[in-house]
Structure formats: C-alpha cells, structure tokens
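So the structure is just underneath, and the comments pick up after that.
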Amino acid sequence: MTKENTNADQLITTIIGGIEEVKGKEITILDLREIENTVCDYFIVCEGSSNTQVNAIVNSIQKQVSKTLKDKPWHVEGTDNAEWVLMDYVNVVVHVFQKHIREYYDIESLWGDAKTTQIETSY
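Under this note's numbering, the residues of the sequence shown are numbered -14 to 108, in order.
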C-alpha cells in the first residue's frame, strides 16, 4: 500500500521512468483532483504494442517503484491477457493498454474534465 509520506509526484515520476525504461508509448497523466467523487487523484495511461510489452511495462513499473520508493501496488489486474492492465497505487492508478483496447475504451475522453499532461518521449 502507498505510504502516506510517499509524495504523489515522486510516485508519478518513478512510474513514468518505469514506462520509459521499456519504451511504453503515448504516456498521459490525468489529474483528477478537481473532479468530485473520483476514486484516486491521478490516472497514468500508456500503451504497449503487444501483450509481451504490456507485461514488460507493468513489471518495469513494479520494479522501479519497489526499488526507488520501497512501495508496491495495492492491486494489479489484467495481467492474464495483458490487453489492459490496471495497477492501483491508491492515489495513483496506472492503465497499461494495447493500442486497440485503449482506443476502444477511450479513458481520456471519459475523464474529459481532468487536467491532461502528455509526456514527451525521445524514442
């Protein structure tokens, strides 16, 4: 579970580092703090090109967060088919999609009121 003293910014930075480590694509941060009745403060959404890459992204995030912040997700689901894996770090929820599943569910539009930040990658 996320420790109270773990800064959300540190967690987000570490998660993004884990995504970039294995070349996750289209990284977006949705800031949900200004929206009423949300389940968390932030969504981080990204995509991999295959179920193998989706699982690699999830493993990389877990490894980076464990190593850097000594933390682990409260819950992870979707690793069996690795089309959409959800990682719950309590205040930060990570969605790792395959491209076609991300387009189908279009989470960014569902949370259209959220402040959105695109992360530029150099690969």
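C-beta atoms are modelled at their ideal positions from N, C-alpha and C, and glycine is treated no differently.
Source: prediction; values computed, not measured.
- With contact defined as three or more Cβ pairs closer than 8 Å, the region 10 to 23 and the region 83 to 98 are in contact.
- Annotation for I42: I4, V7, G9, G33, V81 place their beta carbon closer than 6 Å to its own, counting only its chain and skipping 5 residues before and after.
- For the pair V39 and A67, the CB atoms are nearer than the 7 Å cut-off.
- Annotation for D16: the continuous beta strand (DSSP E) segment containing it runs 10 to 16.
- Ranking T53, P58, L(-4) by CA distance to the CA of Y74 puts P58 first.
- When DSSP states are grouped into helix, strand and coil, V79 belongs to the strand group.
- When C-alpha distances from E21 are compared across H60, D98, N36, the shortest belongs to D98.
- Looking at the DSSP output, I29 sits in a beta bridge with I14, V79.
- The straight-line gap separating the alpha-carbon atoms of E88 and G2 is approximately 23 Å.
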